[in-house]
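Engineer: Just so we're aligned, residue 1 is where the sequence shown starts under UniProt numbering, counting upward by one.
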Amino acid sequence: MSFIDGIGSALSGAAAATNRFNVSANNVANIQSRGVAPEETNRPQDSTAQPDETQGFQPLRAIDQSQEGGGVQSTTRPISPSSIPVLQESAPEEQGETQTGGQQQQTGETGQEGVSFLPNVDPANEVVQQITSQRQFEANLRTVQTGLQLNQSLLDINS
Numbered sequence: 001m002s003f004i005d006g007i008g009s010a011l012s013g014a015a016a017a018t019n020r021f022n023v024s025a026n027n028v029a030n031i032q033s034r035g036v037a038p039e040e041t042n043r044p045q046d047s048t049a050q051p052d053e054t055q056g057f058q059p060l061r062a063i064d065q066s067q068e069g070g071g072v073q074s075t076t077r078p079i080s081p082s083s084i085p086v087l088q089e090s091a092p093e094e095q096g097e098t099q100t101g102g103q104q105q106q107t108g109e110t111g112q113e114g115v116s117f118l119p120n121v122d123p124a125n126e127v128v129q130q131i132t133s134q135r136q137f138e139a140n141l142r143t144v145q146t147g148l149q150l151n152q153s154l155l156d157i158n159s
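And the structure:
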């Protein structure tokens, strides 16, 4: 493996770290978005609508895989389960309250009483992902710098 292959591997590692950080940042930015309800996961998507309009936010996880010739490829996959149920704490008039026999029934937007769904995003895990991806990026850039310095030294010796 030449030093150019090492630089290529380091650049692919930096790109994978960038992807991991972007995926994690997107998860954190949408932590309070509407999640995907379980009955919506099997429903086909409308190809003309935006994903959050039809199903809600789908959190993702970046997965790094080493390549045969060296380097890393980063892919994204949905987190499963994609959402977690939470009790709604809104005022009854906001949830479509109905009166039946002196009892109140509250129905959220999913049809289940008093339940909504938030994306299955763990803030602590996302902080770890972001710190890890930052360190991965820094280490790969140091590898590129070292490879370029080595190349410069070899050119200086030969001249």
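Quick reminder that beta carbons are idealized off the backbone N, C-alpha and C, glycines included.
Check whether the Cβ atoms of T75 and Q65 lie closer than 8 Å to each other.
Structural biologist: Yes, they are a contact pair.
Engineer: Whether or not the stretch 137-151 and the stretch 3-15 are in contact is what I'm after, with contact meaning three or more pairs of Cβ atoms, one per stretch, closer than 8 Å; do they touch?
Structural biologist: The answer is yes - the stretch 137-151 touches the stretch 3-15, with three or more Cβ pairs under 8 Å.
Engineer: Straight-line CA distance for G70 to G8?
Structural biologist: Cα to Cα, G70 sits roughly 8 Å from G8.
Engineer: Is the distance from the Cβ of I31 to the Cβ of P119 below 8 Å?
Structural biologist: Against a cut-off of 8 Å, the Cβ pair of P119 and I31 comes out as a contact.
Engineer: Using C-beta distances below 8 Å, list every residue in its chain close to I63, excluding the 5 sequence neighbours before and after it, in chain order.
Structural biologist: S74, T75, T76, R77, listed in sequence order.
Engineer: So what's residue 186 in DSSP terms, helix, strand or just coil?
Structural biologist: Missing from the structure shown is residue 186; the chain here goes from 1 to 159 and no further.
Engineer: Around the Cβ of S80, are there at least 16 other Cβ atoms within 10 angstroms (buried) or fewer (exposed)?
Structural biologist: Classification of S80: exposed, given that the 10 Å Cβ count is below 16.
Engineer: Apart from the five residues just before and just after F21, which ones in its own chain have a Cβ nearer than 8 Å to its Cβ?
Structural biologist: Same-chain partners within the cutoff: Q129, Q130, S133, Q134, F137.
Engineer: Quick check on A37: does DSSP put it in helix, strand or coil?
Structural biologist: Here A37 sits in coil by DSSP.
Engineer: Would you list the residues sitting across from I79 in a DSSP beta bridge?
Structural biologist: Answer by DSSP bridge pairing: none, since I79 is not bridged.
Engineer: Between which two residues does the beta strand (DSSP E) holding Q65 run?
Structural biologist: Taken as a continuous stretch (DSSP letters only), the beta strand (DSSP E) holding Q65 covers 60-66.
Engineer: Taking its Cβ as the centre, do 16 or more other Cβ atoms sit within 10 Å of P123, making it buried, or is it exposed?
Structural biologist: The residue in question, P123, is exposed, as its Cβ has fewer than 16 Cβ neighbours within 10 Å.
Engineer: Since I believe V36 is in contact with F117 (beta carbons under 8 Å), could you give me their beta-carbon distance rounded to a whole number of angstroms?
Structural biologist: Contact holds; Cβ gap of about 7 Å.
Engineer: Pick out whichever of R142, Q55, L60 has its Cα sitting closest to the Cα of N19.
Structural biologist: For N19, the nearest C-alpha among the options comes from L60.
Engineer: Please determine, among Q88, T146, E39, V121, the residue with the shortest C-alpha to C-alpha distance to G114.
Structural biologist: Of the listed residues, the one whose Cα sits closest to G114 is Q88.
Engineer: So is R77 in contact with chain C if we call contact Cβ pairs under 8 Å?
Structural biologist: Checking the listed chains, one finds no chain C in this structure; it contains a single protein chain.
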